[in-house]
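Using the numbering used here, read the sequence shown as starting at 51 and increasing by one per residue.
Here's the structure, in structure tokens; my notes come after.
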Amino acid sequence: MAGISEEDIRRVREASDLVAIAGERVQLRQRGRDFWGCCPFHNEKSPSFKIDPTTQLWHCFGCGEGGDVFSFVMKIDDLGFVDAVRELARRAGIQIAEAPGERVSRGKKARLKEVCEATAEFYHSQLMRGKGGSVDAARSYLSGRKLGGEVPKRWNLGYAPGRESLVYHLRSLGFSPQEMIDANVALPSKRDGRLRDRFYDRIMFPIRDADGDTIAFGGRVVGKGEPKYLNSQETPIFHKSEVLFGLDMAKGTMASTGVAIVVEGYTDVIVLHEAGVKNAVATLGTALTLRHIRALSRHAKHRIVYLFDGDEAGQRAADRAARFVDESMLPEAGRSRVELYAVTLPDNLDPADFVQQRGADALNELLEHAVPLLRYAIDRTLSRFNVADFADRSRALPECLGLLAPIKQSVLAQEYAGYIADRLQMDAQTVVERLASTPAPRQAFEREDAQEAPMPPRPAIQLSPRERERLRIEREFLSLCAREPQLGMNYAAVLAQTQWRRSAHADIAAALLAYLSENAQASAGDVVRGVEGLCPGSSSTLTHASTYDDFEPAEVAQFLAEELAIRDMEDSVVALNVQLKDPSSMSQEDYDMTYAAVVSMQKDLTTLRREHKPLGAIN
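In structure tokens form, the structure reads like this:
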């Protein structure tokens with residue numbers, strides 16, 4: 051964390067009792083294990099604000115806010131994170147050392163960039179001249195992705211052999227252990243404190259700032275292993291929410307064309323540039339942020355096109371993109387207007403595969419058909435409904451109006467209200483009136499140092515009792531995995547394989563897996579804050595939990611995991627039975643295979659139900 055060391059943050063967190071601190075602002079009463087009171091962040095008469103003293107997490111069931119002791123102080127005192135840590139440190143009488151972050155001297159930052167530059171050159175020399183099976187495999191992978199030849203030289207790609215080889219090299223150049231740690235290219239071993247390389251047996255992609263200075267790294271594992279991709283952690287010179295891979299190479303073309311293209315991976319950027327599409331950049335393991343958009347709009351004055359992968363992860367990213375619908379996209383913004391467009395690649399392809407299979411001309415033609423992000427978000431919302439059905443049209447309308455609510459006073463919102471009316475075969479004036487009565491969501495990204503805003507709230511949709519129960523189980527399981535990190539590790543397969551009913555839950559599960567894989571010893575508060583950094587807006591879900599005072603966390607986790615597995619299989623059986631009701635839509639062979647699958651799954655389902663024990667009966 052820029053500004054204050056992680057060790058000092060941990061010390062302050064452990065010394066700060068959330069119950070005592072919140073109790074100075076909120077009248078709390080203990081119910082069982084937890085403490086309850088009226089939420090200080092919205093008006094209410096019945097207590098819905100809960101603190102779990104064991105995990106030191108808070109959540110309001112009324113407004114949905116939640117987090118740890120730092121987020122509570124940030125919110126109630128209107129402070130940034132660093133100032134909240136300082137205030138809690140002062141209360142606890144803890145002296146904190148502040149060298150990195152905003153107060154790092156220019157000389158110190160320059161020194162860290164020198165560490166990163168020397169590291170990049172070392173990795174590059176290993177890739178180009180190294181010998182052995184692992185580096186040969188790295189070169190073969192790059193060649194197979196059409197990233198061989200001169201490409202590694204142009205992009206300074208490298209290979210990280212690990213085994214402390216980088217540490218020895220940097221020491222020989224005069225860099226200190228602390229400088230290597232601060233640049234996040236080396237870490238002290240938890241076992242013996244010995245300094246070791248952060249990256250091991252990975253193809254390395256140097257991450258550069260807009261000026262071309264190396265500030266961080268992304269590594270792809272060679273062969274099998276998890277996580278497949280690993281980025282540098284945040285440092286005094288590297289902030290994921292602000293940096294875009296390839297911007298230093300793309301900014302010239304962005305300026306000349308007025309267009310920026312945003313993709314999801316470094317290899318996508320490189321393949322696009324090598325194919326002649328030289329205005330592409332990628333985010334670094336995070337969703338596109340407002341800071342990213344501001345950085346791009348300095349170079350691309352005409353439009354920013356978000357190019358989504360065709361796979362499931364790409365579609366989740368597409369759903370998240372609607373959070374950027376705000377005043378900066380409106381005609382009323384004048385010359386400062388940001389034109390955000392979006393397009394999805396067909397056939398589950400990513401940009402690299404698409405260009406290699408169909409060529410740059412096909413991609414440029416696809417980009418020409420990109421539509422404004424607001425239109426894109428509306429069309430994606432409508433695609434989930436059968437607009438020929440009256441009941442579905444009634445459910446679709448509030449979903450679409452929720453997208454327009456942040457800008458409902460704009461002429462653009464009125465135009466799209468007419469578009470929605472046409473698509474839903476409704477009276478335009480009725481839709482405009484419904485829009486006027488739709489509450490605008492509270493904007494949470496006014497300040498530069500504020501956390502990224504969560505998704506704008508949508509008008510409520512009528513869910514069946516079964517659907518509501520399913521979503522509740524998902525929330526409970528995700529929250530439990532965050533509050534009990536070891537259980538999260540134990541149930542990693544469930545996090546990865548569950549068919550999450552909300553894309554937001556799928557994103558949180560993926561972020562949990564990514565964070566826990568690198569931070570196995572983290573506390574609950576660390577997990578909530580770490581996952582929030584990877585998946586903005588997740589803390590509300592991760593702190594949302596029922597009280598299970600009478601049961602052990604492991605027992606609850608087993609129960610919820612089994613519930614999710616049973617419900618996933620039930621839904622799969624229902625879906626396959628729907629297919630069997632229309633045999634004309636498939637061949638006889640497909641029909642027979644589907645029928646056999648249903649029979650097999652029903653047997654498995656019977657076994658799962660029989661072995662599934664209620665809470666209190668699990669040994």
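The beta-carbon is built from N, C-alpha and C at its ideal position, and this holds for glycine as well.
Distance CB(K290)-CB(L334) smaller than 7 Å: yes
What's the gap between the Cα of G326 and the Cα of M643? 46 Å
According to DSSP, simplified to helix, strand and coil, what is L162? helix
Determine the burial state of R270: buried for a count of at least 16 other Cβ atoms within 10 Å of its Cβ, exposed for fewer. buried
Using three-state DSSP, classify D359 as helix, strand or coil. coil
For the alpha helix (DSSP H) holding R281, just list the boundary residues, first then last. Before going further, note that residue 281 is Asn rather than Arg in the sequence given. Counting along the chain, N281 falls outside any alpha helix (DSSP H), though it belongs to the beta strand (DSSP E) covering 279–281.
Classify S347: buried if its beta carbon has 16 or more other beta carbons within 10 angstroms, exposed otherwise. buried
With a Cβ-Cβ cutoff of 7 Å, do G268 and I257 count as a contact? yes
Quick one: what's V309 bridged to in DSSP? R353
With DSSP collapsed to three states, give me the class of I59. helix
How should G275 be labelled, buried or exposed, when 16 other C-beta atoms within 10 angstroms of its C-beta is the threshold for buried? exposed
From the DSSP output, in three-state form, read off D84 for me. strand
Okay, do the segment 543–554 and the segment 607–624 touch, 3+ Cβ pairs below 8 Å being the bar? yes
Is the CB-CB distance between T169 and V217 below 7 Å? no
Report the option in R552, R213, E483, P664 whose CA atom is closest to the CA atom of R248. R213
Pull up the distance between the alpha-carbon of T488 and that of Q80, whole angstroms please. 37 Å
Local Cβ density within 10 Å of A147, reported as buried at 16 or more and exposed below that: exposed
Give the DSSP bridge partners of V421, in chain order. A392
Who are C113's beta bridge partners in DSSP? DSSP output for C113 lists no bridge partner at all.
Anticipated Cβ contact below 8 Å, A332 with Y316, distance rounded: 6 Å
Terminal residues of the alpha helix (DSSP H) in which A559 lies: 553–568
Please name the residue in R445, P97, G82 whose C-alpha comes closest to that of S514. R445
For Q77, is the classification buried or exposed, using 16 other Cβ atoms within 10 angstroms of its Cβ as the cut-off for buried? exposed
Where does R204 fall in DSSP's three states? helix
DSSP three-state assignment for V293, whether helix, strand or coil: coil
How many whole angstroms separate the CB atoms of N329 and V313, which I take to be in contact at a CB cut-off of 8 Å? Wrong, their Cβ atoms sit about 11 Å apart, outside the cutoff.
Own chain residues within Cβ distance below 7 Å of S622, not counting five before or after: M651
Can you tell me whether H174 is buried or exposed, with buried defined as 16 or more other CB within 10 angstroms of its CB? buried
Can you find the residues in the same chain that come closer than 7 Å, C-beta to C-beta, to H419, ignoring five residues on each side of it along the sequence? V393
Going straight from the alpha carbon of S98 to that of C113, what length do you get? 9 Å
How is F249 classed by DSSP in three states: helix, strand or coil? coil
Selection from P535, S573, Q571 that minimises the alpha carbon distance to A559: P535
Where T336 sits in the DSSP three-state scheme: coil
Could you work out which residue in D67, S184, V185, T336 is closest to A142 when comparing CA atoms only? D67
Checking the sheet assignment: what are the DSSP bridge partners for I257? A266
Beta carbon of R533 nearer than 7 Å to that of A574: yes
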